[in-house]
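Numbering (the UniProt record's numbering), first residue to last: 1 to 39. Ideal placement from N, C-alpha and C gives every residue a C-beta, glycine not left out.
Below, the structure is given as structure tokens:
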């Protein structure tokens, strides 16, 4: 599940050309989201 999401994220980055800073922020949002689901 997480890997599929990560692959989707990588695909999105390639398609839209995210800068590393934007990518990192998006990734942190995903991490926070997954953590909130596990609580």
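Cα-Cα separation, residue i to residue j
i: residue 8; j: residue 39; result: 24 Å
i: residue 36; j: residue 12; result: 23 Å
i: residue 34; j: residue 20; result: 21 Å
Unbroken alpha helix (DSSP H) run spanning residue i, endpoints
i: residue 36; result: 20-38
Close beta carbons around residue i, own chain, < 7 Å, minus the five adjacent residues each side
i: residue 5; result: 30
Contacting residues, own chain, Cβ-Cβ under 8 Å from residue i (five flanking each side not counted)
i: residue 16; result: none
6 Å Cβ shell around residue i - same chain, five flanking residues per side excluded
i: residue 23; result: 13
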